Structure formats: structure tokens, C-alpha cells
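Encoded as C-alpha cells, the structure appears first; notes follow it.
4 protein chains.
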Amino acid sequence: AAAMLIVAGPCVIESESHALGVAAALAGIARRLGLRVIYKSSFDKANRTAATSPRGPGIDEGLAILAKVRRETGLDVLTDIHETAQAAPAAEVADVLQIPAFLARQTDLIQAAVSTGRTVNVKKGQFMAPEDMAHVVAKAQAVLPQDVPIGDRLWLCERGTSFGYRDLVVDMRGLAVMRQFGCPVIFDAGHSAQQPAAAGNASGGKRDLIPALARAAVAVGVDGLFIETHPDPANALSDAATAWPLDRLEALLESLLIVHAAAGTARAKMDC
Amino acid sequence: AAAMLIVAGPCVIESESHALGVAAALAGIARRLGLRVIYKSSFDKANRTAATSPRGPGIDEGLAILAKVRRETGLDVLTDIHETAQAAPAAEVADVLQIPAFLARQTDLIQAAVSTGRTVNVKKGQFMAPEDMAHVVAKAQAVLPQDVPIGDRLWLCERGTSFGYRDLVVDMRGLAVMRQFGCPVIFDAGHSAQQPAAAGNASGGKRDLIPALARAAVAVGVDGLFIETHPDPANALSDAATAWPLDRLEALLESLLIVHAAAGTARAKMDC
Amino acid sequence: AAAMLIVAGPCVIESESHALGVAAALAGIARRLGLRVIYKSSFDKANRTAATSPRGPGIDEGLAILAKVRRETGLDVLTDIHETAQAAPAAEVADVLQIPAFLARQTDLIQAAVSTGRTVNVKKGQFMAPEDMAHVVAKAQAVLPQDVPIGDRLWLCERGTSFGYRDLVVDMRGLAVMRQFGCPVIFDAGHSAQQPAAAGNASGGKRDLIPALARAAVAVGVDGLFIETHPDPANALSDAATAWPLDRLEALLESLLIVHAAAGTARAKMDC
Amino acid sequence: AAAMLIVAGPCVIESESHALGVAAALAGIARRLGLRVIYKSSFDKANRTAATSPRGPGIDEGLAILAKVRRETGLDVLTDIHETAQAAPAAEVADVLQIPAFLARQTDLIQAAVSTGRTVNVKKGQFMAPEDMAHVVAKAQAVLPQDVPIGDRLWLCERGTSFGYRDLVVDMRGLAVMRQFGCPVIFDAGHSAQQPAAAGNASGGKRDLIPALARAAVAVGVDGLFIETHPDPANALSDAATAWPLDRLEALLESLLIVHAAAGTARAKMDC
Numbered sequence: 023a024a025a026m027l028i029v030a031g032p033c034v035i036e037s038e039s040h041a042l043g044v045a046a047a048l049a050g051i052a053r054r055l056g057l058r059v060i061y062k063s064s065f066d067k068a069n070r071t072a073a074t075s076p077r078g079p080g081i082d083e084g085l086a087i088l089a090k091v092r093r094e095t096g097l098d099v100l101t102d103i104h105e106t107a108q109a110a111p112a113a114e115v116a117d118v119l120q121i122p123a124f125l126a127r128q129t130d131l132i133q134a135a136v137s138t139g140r141t142v143n144v145k146k147g148q149f150m151a152p153e154d155m156a157h158v159v160a161k162a163q164a165v166l167p168q169d170v171p172i173g174d175r176l177w178l179c180e181r182g183t184s185f186g187y188r189d190l191v192v193d194m195r196g197l198a199v200m201r202q203f204g205c206p207v208i209f210d211a212g213h214s215a216q217q218p219a220a221a222g223n224a225s226g227g228k229r230d231l232i233p234a235l236a237r238a239a240v241a242v243g244v245d246g247l248f249i250e251t252h253p254d255p256a257n258a259l260s261d262a263a264t265a266w267p268l269d270r271l272e273a274l275l276e277s278l279l280i281v282h283a284a285a286g287t288a289r290a291k292m293d294c
Numbered sequence: 023a024a025a026m027l028i029v030a031g032p033c034v035i036e037s038e039s040h041a042l043g044v045a046a047a048l049a050g051i052a053r054r055l056g057l058r059v060i061y062k063s064s065f066d067k068a069n070r071t072a073a074t075s076p077r078g079p080g081i082d083e084g085l086a087i088l089a090k091v092r093r094e095t096g097l098d099v100l101t102d103i104h105e106t107a108q109a110a111p112a113a114e115v116a117d118v119l120q121i122p123a124f125l126a127r128q129t130d131l132i133q134a135a136v137s138t139g140r141t142v143n144v145k146k147g148q149f150m151a152p153e154d155m156a157h158v159v160a161k162a163q164a165v166l167p168q169d170v171p172i173g174d175r176l177w178l179c180e181r182g183t184s185f186g187y188r189d190l191v192v193d194m195r196g197l198a199v200m201r202q203f204g205c206p207v208i209f210d211a212g213h214s215a216q217q218p219a220a221a222g223n224a225s226g227g228k229r230d231l232i233p234a235l236a237r238a239a240v241a242v243g244v245d246g247l248f249i250e251t252h253p254d255p256a257n258a259l260s261d262a263a264t265a266w267p268l269d270r271l272e273a274l275l276e277s278l279l280i281v282h283a284a285a286g287t288a289r290a291k292m293d294c
Numbered sequence: 023a024a025a026m027l028i029v030a031g032p033c034v035i036e037s038e039s040h041a042l043g044v045a046a047a048l049a050g051i052a053r054r055l056g057l058r059v060i061y062k063s064s065f066d067k068a069n070r071t072a073a074t075s076p077r078g079p080g081i082d083e084g085l086a087i088l089a090k091v092r093r094e095t096g097l098d099v100l101t102d103i104h105e106t107a108q109a110a111p112a113a114e115v116a117d118v119l120q121i122p123a124f125l126a127r128q129t130d131l132i133q134a135a136v137s138t139g140r141t142v143n144v145k146k147g148q149f150m151a152p153e154d155m156a157h158v159v160a161k162a163q164a165v166l167p168q169d170v171p172i173g174d175r176l177w178l179c180e181r182g183t184s185f186g187y188r189d190l191v192v193d194m195r196g197l198a199v200m201r202q203f204g205c206p207v208i209f210d211a212g213h214s215a216q217q218p219a220a221a222g223n224a225s226g227g228k229r230d231l232i233p234a235l236a237r238a239a240v241a242v243g244v245d246g247l248f249i250e251t252h253p254d255p256a257n258a259l260s261d262a263a264t265a266w267p268l269d270r271l272e273a274l275l276e277s278l279l280i281v282h283a284a285a286g287t288a289r290a291k292m293d294c
Numbered sequence: 023a024a025a026m027l028i029v030a031g032p033c034v035i036e037s038e039s040h041a042l043g044v045a046a047a048l049a050g051i052a053r054r055l056g057l058r059v060i061y062k063s064s065f066d067k068a069n070r071t072a073a074t075s076p077r078g079p080g081i082d083e084g085l086a087i088l089a090k091v092r093r094e095t096g097l098d099v100l101t102d103i104h105e106t107a108q109a110a111p112a113a114e115v116a117d118v119l120q121i122p123a124f125l126a127r128q129t130d131l132i133q134a135a136v137s138t139g140r141t142v143n144v145k146k147g148q149f150m151a152p153e154d155m156a157h158v159v160a161k162a163q164a165v166l167p168q169d170v171p172i173g174d175r176l177w178l179c180e181r182g183t184s185f186g187y188r189d190l191v192v193d194m195r196g197l198a199v200m201r202q203f204g205c206p207v208i209f210d211a212g213h214s215a216q217q218p219a220a221a222g223n224a225s226g227g228k229r230d231l232i233p234a235l236a237r238a239a240v241a242v243g244v245d246g247l248f249i250e251t252h253p254d255p256a257n258a259l260s261d262a263a264t265a266w267p268l269d270r271l272e273a274l275l276e277s278l279l280i281v282h283a284a285a286g287t288a289r290a291k292m293d294c
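Structure below.
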């Protein structure tokens, strides 16, 4: 099996020193495990549950911090955008632009992101069938030079599907479905364990179920794992309920690499 | 019971003459039934299922057409916006700005719309619990002068909730829940009968079920009805499967007014 | 519109005197409102959430009490059965046999009930599409004499559909769908407001939402209303969270009759 | 990791020779892979989608065939029961009695099965939260001698959860949740890939997704795998869409054993 890509970092940029500290830890893990780790953090949480929740440093300061992370640690960086005008400035710094799940149907946003020439990670909307990510692929393809393989520029990311109110379920069938579209498939383990708005003014979720969900997705077969991590999850400024403790990340990834290797052998045996 | 507000029009602006024709018919219905009818049409469908679907005339031409509709028919107009920069120009023409369901969590967009001083109709996300529209209310309230009652400026609109893949269900409990937030509650009868992406490259749905769903919502108790209508639904440029035939709209509204009156009496009897 | 049929009574038979007391009250309501009221009560709750919950007097004592209710009040009675062997003895007393929602796929049970010659009320499984009640109709038809219209013997009853965990949603489209099968459609207002197992060791639910749900269903168009009622809901031995207070039942029914009449007129106008 | 238990066989008993043929093949697989394989087949499909579908040989002939399978192949056998009176006769032949998912709330049926002294496999209802299988455990425990550990007698089996209409989703979180109840957890891979009533008169489903779902469940951590298998799936008398081809079963199990071993190591590392 090809190596698994890791996207990790704090949900939101909390400060420059916080960002650099987490990034340094991630760079160490990347080195020790021989993995490509992409540093993820948002400059703005534009869709917080509540109006009063912290949103981050904003685009200018946020991108400056991400640029510094990139320079000082050598890690690639990923950040998400919410309006088309953010695509170009974000692309000057970020190696990967991300389209949030709620915005997975916004044609202009997807096309603005893809048009920058950066790789784009589109999260499947909680309200979308995996089959319908084919439309996202087509929207991206429409603005991509014909000689660029779609899989070089577009990633499809699973982060759970609406299941009644305030709960998400991961439909593992969807990973297999999305793989057929020719793009790397990424599993977002933390958000998949979320329970939207379940904590009243914020998202809830079950951190303890993250390893089980991640093992399941890796066993189905994914190209990468997305996981928000924090040195002190209880005090994370966003998505605290499902942030994975930074000091347990290496062990989690090691455990997943074991499953990933086995899944590769198992899939080869069954040709699926 | 207070009079029921009607929001109606073609999903997307198809041309100036088309818009004026539909608007003239709606103005006639408004006059005959003694109802406030707000003309609804989008200048841009920014979240079509497929990249190749028609999107509308764009903001400049679209707003010009809406301005003409307003001037010539005397109807108020409503249009939806997708990015914060559209709020100000749209507010120069539209009496009501609408936030699409997929964007119901975008804090800046809601606040930009409310800040224009126009009334804002926020569609409940297909992925949201009705209780969580309280957060939308709070986001709006945060940018509203304290002496303006929230119900004068914010409407909450039900348009169905994700139910498995490619299907929506209307949870009638949600109408009663949202009523508690002090804002008019609008029922979007057409989109509630939609089946997202179910027609392959486009949304499907069951037009025949619109009257039943609308009767149900009106019986629960709503302040307004939102319904997309078209003189030739089969050839509508957007949401054809659930556009209501313009020539049957007056009969539908008459039937709903009967239920509305009864519901008012019934609710008064039960105090709910 | 044809008169609406009412099925009402305590979820489970609590005692002979309790049953007779409720039945006398229901007979009074039937007389005053000019409605056919069928007395509903279970002799055994065979599928309680928890092993330790009260289950009722059992079939022998239960049927004896129902026979007395029938004799003393003149009301028809309805009770549910759980195994095929209960069909014949229950049919000696009950005018209507009921198949619980969890058992809506048990072919033998449906056919044993229909074969008794009694009318049978089948609740749609929480796990079934309304369209699939066509299979229940076919199973019933297979054991019915050819000259007996299916609608004379089989009722289809909506009681909500699984919506995530521990919640039910009523899909009002389903009432219109089931009406096409030629059988009376009944709306179970109390169970539709239930939240299964949500009260830990028992079903929870939201009693306050019953009138809104019932108005919605009546506005869509139903032939009957099913509602569990209790003189002291807080102390009901089963389904306490959604039992409707007996002393508020007449007002609720009056409010629904207003909507029912309006819906008849509205439906005639739209021919649906 | 402890060895994984396998429950396999044709959905319904088709004939004695068919049963013996499949069982001989399964016995070979059991021997070669060093696994405990339990032969599964139903004597009666009491809850077929349609009245006209084949149901099987009935209890007398069916149990006789299962007894012969047991005698001739040495495999343990499992069969499902639908009414309490079937528990005792079925227990004379079957090593494991199974409670179908639709009947997972029938207290008497569960207790009748457990009271026979046989091991009982209860499928989680498609309408139940995994947490609520705790009530099934309590119902079983209530009729079990105090010195018998519940895990020796009760298995909890996942087979998918209602997800909109005519579709099931496997919530992998549920496997981890049910593991806490002290009973072996079994994953039913075929029914989990089903789409109820989706084939019109019968269940549909996606056979090709079975390996992916099974890998996911095994990676989360299960004690056993349940899979219906048939030498000629296209002509299986029941659940044809999701029967796994008998001649590909050994390869599938081998692939899953690889994941099972890896999951054991991965789980030990994470202690979950």
C-alpha cells in the first residue's frame, strides 16, 4: 500500500507560538514515522455554532503564521477558505486549500480554489451522498488544464453524514464509492466523531471513538488521514470535544499504520 | 390568525420578460386574494448540483431585472446572496435578503445581510436541528440595534432536513420549535418536496406532494409560505421537478387559506 | 370529508376500574362530538424498552376487561397481538386487532389477524418506507375472500420513522402515499411524538408537540386518529411521556375536527 | 487477538442436499483456516418483504436438515426463531438460537431463547441505538442463572441501522459501544450491505461493498463475523443481492484474518 498522508494540526490558529509548538511536534512525528504530515489550521472559523465563539486571527495574521510554520518546520500547510476572494491570498501560502463541508456545493468557491493551482481538499457535505461528490470532481475538472490528472489536484474528504439531529454517522461505503472518482480519499477522523451543536453553544462529540473510526476507515482503504490535534484538548479554542491529544498522536498513527499495511494486503487479495 | 405572507417566483431569473410576466401574474393573485406576495428569484444559482447547469444572469443584470419587477408591479422582491460582498448591492434593490440553507452556518454572511437593514430570510440548513436556529437568531441579534425587535428583521424558513441520501423529510415539530424564537416562520413547500441530486445531474422531487406538505405546515402554524412557481415547470431552468405551475398557484393558495383560517381557530382552542 | 375515526385509550390495561373509567369518559366524548371512538388498550406490552417495566394483566384477564368495557360502554375495542396464537382469542373480544410497528414485517402474524375476520390496524414499521406498506396490503389480501374490499378490513397506521437514534420523525408525505393503497389511513399522534428509549429505561417524547403533529396529519388528510390518553399521564404505566391528558382530549379533538373540515374543502379544491 | 468466530451459510434452507453441500464446503474452510465456523440457515423466513417470496421448509423439516448438517459435518448450527413456541424445539438441534433484528424488542422471545440454555445471537434492531442493546442484555440476564457469565450465552450482532428509506448504514461506533456490555459482538456483513425492499418485491443491496464493510468492522474489533453465503448467489432463494459467493468465501476470510490480527495489535497499542 502507498504511504498514508497525514493532515494534522489545531482546528484554529491560536497564536504564533502555539502554532509553531504544535508544528514542531508534528515535524518530529513525520520524521520518526517516515510520513508526509501537512500542517492544518484555520485562520477563521466562519461557521461556528455560536456567534460568541472565538474565530481565529483572521486571514492576514493567520496566513503570516502559517507561512512561518512552513518556513521553520518544512511542513506543508493546509488552510480552509470560505469566500472566493480568499482563494488567491491563501494560495500564496498554503500548499493545500480546503473547502469546508457546509460549502461543498458552492461552485465558485471550488473553482476559485482549484484555479489557484494548489491542491484542494473538499470535504463531503454532511448532506451529500458520496456518489454526488462526482459533481464536485466535474466542477474542479472544468477549470483544470486537460493534461493535469484530477487526482493530482483534488482530494475528497469524508467527515460524516447527518444522522437525525446533532449526530453524524460515517458511512464506510462512501469511502469505497469516492475512491472510484480518481482522487485521493482522506478520512477526517475527528469531525467524524463530532455531534454538531450537541454541547449547546458548541459542537460535541466522542473523542474516545476516534481510534475505532480511524481504524475502520483505514481498513476500508484511504489515502490519507485528517485529524485535529491539540496539546491541551480541553482548552482548545475550537472543536475541543474531538481534538486528539498531541501527546497521543504518534501512538495513534503507529496503530493506524499497522492496520493500513494489513488493509493493503487484504485489499490486494480481494482486489477491492 | 394573522394573514399569511407569500414568497413566490421562479427559482432563477430567466429573462426580464419572463420575470415581468410571472410577477404580473403574482400581482394579480395578491390583489385578488388580499395577500402580501413577495417576488422571489435568484440572480445566481451558486450551488447547482452540476457544473454545467444554468446559473442565471449574474448579480448586475439580475438586480436590474428585480428592480424593474419591483417598479412595474409594486411587489416587494426577495433574492438570495452567497458571499458577504453581495449583501450591500442586493440590499439596494431587494426588500428581503435570503441566506441559502447550505450557508445557514456562515456567520459573516448572516451578519452582513442583517447589517444592511433589510429583512433577512434564513433557510434552516438541511443538516441543522430546529433548536439550533437559535444560534442564527443570536448571530443576527448581535448586529441589530437593540430597539429593533428580531422578528421585524429575521425570518426562519424550513425547507426539509437530510433523511438518508438524496431525500429530505419535513419535521413538522421544527415549525413549532422555531416559532419560539420570536421570528416569523416560513415554510418552503417546494424545496421541502425535493430529493437532492436524485435526478442525476439535478435535484429531483415530487411536485404532487407539495399541496399535502403545505397543508400540513399551515395547519401546524406558519407565518408565511415560500413556493417557487413557473409558467412551464417542465422547462424551468432550475428546480424543475418541484416548481409549482403558475396557473395552479391561486387555487393552491386558496386551499391553504382555508386551512390557515381553521388552524388559527384550532390553535387558539389549544393555546399552541 | 367523511367523519374521522378515533382510536383512544390507555396504552396498557391498568385495572378493570381504570379501564371502565377511561372508557366511560371516551363514550361521553364520542356522544358529544358525534364521533366513532374505538377503545384501545394492550393486555401485554411485549416489547417494553426495559425488562423491569410493567407489562399488563396478560391475555386472559386483559381480554375479560376489554369485553366488559365493550359491554358496559358500547364502544368498540382494539387491542394488539404479538404472536399468531393470540389472534383467535383476541378476535373473540376485539373489533379491531392491531399489529405493532416492530412486527409489521411478520407475515404470519398479519395473516393470522386478517384471517379472523376482524378489521386489522397495522402500524407502519419505524424502519419501513410508506411505499412498502403495499407489501402488507398484499399479505393481507392473500388471505382475504376476494369479494371483501381490502379497505373494509385493513387500516394502515403511521407512527413515525426512525430518524437517527432515539428519535422519530413523521414524514407527512407517507400519509398521502399510503392513501393510494385503498385502505383507511390512521395517524398515531402520541407515538409519533415519541423518542424511543430516550428516557433511559423507557420511551421519552414531547407531549406538547402532539397537537401540532395531529393538526398536520389531519390537514394532509387521514381517516382516523389514534391517541393514547390517560387521566393522569405522569403516572401512566406505559408511554407516560406521550400520553394525552384525558381531560384535554375533547378540546384536542374539537380543534382537529375544525382542521379536518377545512382540509376536506381544501383537498376537494386541489383534488389531492 | 482471540480467534474470530464465523457464522456462515445460506440465508434459508433450500434443500437437504443443498444444505449438506454448503456445509461440507464450510467445514473445509474451517479446517484449513483453523476457525470455528457455525452453520447458519433459516427454516422459515417469517418476515419476507413480499407475501409471495419463498419462505423455506418450515420448522420440522428444517430442523431435521440442520440436525443432519450437524451430524455429518461436525459444524455447530445456528437458526433463527420468530415466536416463543419455536425456542424449545429449535434448541434441541441448534447450538445457537438467533433473534431477528425486527424482533429485538420482543422480551418474551429473547427470554424464551435464553431460557433454553443455548447461546443466543440477538441482532440489533435497525431502529435501535447501540446503547439500547443494554436493555436486551438485561432482559437476557433476568432469566439466566446468576453464575453464568452473560458473555457465555448472549451475542450482540450489528446488521445496520435505518438511514432514510430503503437504506441501511453501519455505524461503526456501535461496535465499540456494544463491546462494553460484556458480550461477544458479531458483525453481519451481508445484511449490513442490504437495502431493504430496494429491489421492489425483495431486499436489494450491494454485494461488492461487503469486503470493505467487513474490513472496517474487523478493524474496529469484533468477536465474530456473520455472512450469508451461497454457491450461486444470483439464484439464492432469499437475500440474493447480498449473498456472498461460496467459492470466494475462503479468500474473503483470509483477507479479514489479516486485518483482524493487525487490529489486535493496533488496539493493544491504544488500549481500545
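Protein sequence lines correspond, in order, to chains A, B, C and D.
For the first sequence, the working numbering begins at 23 and goes up steadily by one.
For the second sequence, the working numbering begins at 23 and goes up steadily by one.
For the third sequence, the working numbering begins at 23 and goes up steadily by one.
For the fourth sequence, the working numbering begins at 23 and goes up steadily by one.
All C-beta atoms, glycine included, are put in the ideal place defined by N, C-alpha and C.
These numbers were taken from a predicted model, which means no experiment stands behind them.
Asked	Found
Counterpart residues of E250 of chain D in DSSP-defined beta bridges	D:G31
Residue-level contact to chain C via CB, F185 of chain A, 8 angstroms cutoff	yes
Under 8 angstroms by beta carbon: chain B residues contacting D189 of chain D	G186 and Y187
The region 143–172 of chain D: positions lying closer than 7 angstroms to chain C by Cβ	Q148, F149, A151, D154, H157, A160, K161 and A164
Same chain only: Cβ atoms within 6 angstroms of V207 of chain C, ignoring 5 sequence neighbours per side	L178, L197, M200, R201, V244 and D245
Endpoints, the alpha helix (DSSP H) within which I51 of chain C is located	E38 to L55
Segments of 3+ residues assigned as beta strand (DSSP E) that fall wholly inside the region 170–202 of chain D	176–180
Where the region 233–248 of chain B meets chain C: residues whose CB sits under 8 angstroms from a CB there	P233, A234, L235, R237, A238, A239, V240, A241, V242 and G243
Start-end ranges of the beta strand (DSSP E) lying completely within the region 117–173 of chain A, minimum 3 residues	118–121 and 141–145
Backbone CA spacing between S260 of chain D and P122 of chain D [nearest angstrom]	15 angstroms
Proximal residues to A224 of chain A (C-beta, below 6 angstroms), its chain only, five neighbours per side dropped	T71
Cβ neighbour criterion (16 or more within 10 Å) applied to S39 of chain C	exposed
Partner residues on chain D for H104 of chain C, Cβ-Cβ distance less than 8 angstroms	Q128 and D130
D230 of chain D (DSSP reduced to helix, strand or coil)	helix
At least three beta-carbon pairs within less than 8 angstroms, the region 120–134 of chain B to the region 155–175 of chain B	yes
Cβ of A73 of chain C within 8 angstroms of any chain D Cβ	yes
Within chain A, partners of D193 of chain D - CB distance below 7 angstroms	V191
Buried or exposed (CB count within 10 angstroms, at least 16 for buried), Q168 of chain D	exposed
C-beta neighbour in chain A for R70 of chain B, strict 8 angstroms	yes
Selection of the region 47–68 of chain D by Cβ proximity to chain C, strictly under 8 angstroms	A68
Residue of D:G31, D:P233, D:E114 and D:L190 minimising C-alpha distance to A286 of chain A	Here the sequence assigns Gly to residue 286 of chain A, which means Ala is not the residue at that position. The residue with the shortest Cα to Cα distance from G286 of chain A is D:P233.
Cβ of I208 of chain B within 8 angstroms of any chain C Cβ	no
Residues bridged to L100 of chain C (per DSSP)	C:K62 and C:V118
Beta-carbon proximity of V34 of chain B to G80 of chain B, cut-off 8 angstroms	no
DSSP three-state assignment for D269 of chain A, whether helix, strand or coil	helix
For D82 of chain D, three-class secondary structure by DSSP	helix
From A:A219, A:A47 and A:A263, residue whose alpha carbon lies closest to that of D230 of chain A	A:A263
Cβ shell of A273 of chain A (< 8 angstroms), same chain only, five flanking positions each side left out	none
Contact under 8 angstroms by Cβ, F248 of chain C with V29 of chain C	yes
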